[in-house]
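Here full-length UniProt numbering is used: the first residue of the sequence shown is 1, the next is one more, and so on.
Glycine included, each C-beta is placed from N, C-alpha and C at the ideal position.
Note that the coordinates shown come from a computational prediction; the quantities given were computed from them, not determined experimentally.
Worksheet: the structure to be examined is printed underneath.
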Amino acid sequence: MAQGKKAGTDNDQQVSPKSTTSADKAMGMRLREARLQAGLSQERLGEVLGVTFQQVQKYERGMNRVPSGRLKLIASTLDRPLGYFFGDDDDAEMTEARAGLMNRHAVTLLRYFNKLPEAHQLAVVATARALATFEGSSAAEAAE
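Okay, here's the thing in structure tokens:
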């Protein structure tokens with residue numbers, strides 16, 4: 001190795017052990033989704049894991065990698081299989097759904113929605129569609 005060169009700098013595609021990747025960000029989104037669906041705060045999950053809520057935030061944002069032992073505890077705590085956190089990143093529909101679940105109101109709505117019988121679920125969907133269409137047309141009219 002040439003003097004003054006660090007290992008791994010010859011190949012721009014190598015990932016530093018401390019850097020994060022898009023897979024870490026995707027895992028963080030899944031972590032947040034599962035935590036919200038379980039109804040846990042970042043602070044409470046941090047207590048269970050023995051870390052600060054700020055560390056949980058960093059995991060969810062993909063800023064820090066989740067150690068494997070801690071991921072196993074997360075999966076157990078959130079009642080998810082380990083594989084859940086390594087799902088397919090290329091599924092556009094699921095990515096859009098996950099992005100929607102980043103909103104805490106969407107998670108609350110989903111929690112109540114799942115408790116409804118199917119007939120009521122269909123009515124809620126129709127109502128939401130009508131409201132979104134109505135709000136969209138009102139915004140369009142106001143812009144004119």
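The Cβ atoms of Leu71 and Ala34 do not sit closer than 8 Å to each other.
Contact fails between the segment 117-132 and the segment 40-54, because fewer than three Cβ pairs, one in each stretch, are under 8 Å apart.
Straight-line measurement puts the Cα of Gly62 at about 8 Å from the Cα of Ser22. Taken through DSSP and simplified to helix, strand or coil, Thr77 comes out as helix. The criterion of a C-beta distance shorter than 8 Å is not satisfied by Ile74 and Leu109. In the three-state scheme derived from DSSP, where H, G and I count as helix and E and B as strand, Leu40 is classed as coil.
Counting every other CB atom within 10 Å of its CB across the protein chains shown gives Gly39 a total below 16, marking it as exposed.
The DSSP-derived three-state label of Arg65 is coil.
Looking from the CA of Arg111, the closest CA among Ser19, Leu36 and Ala130 belongs to Leu36.
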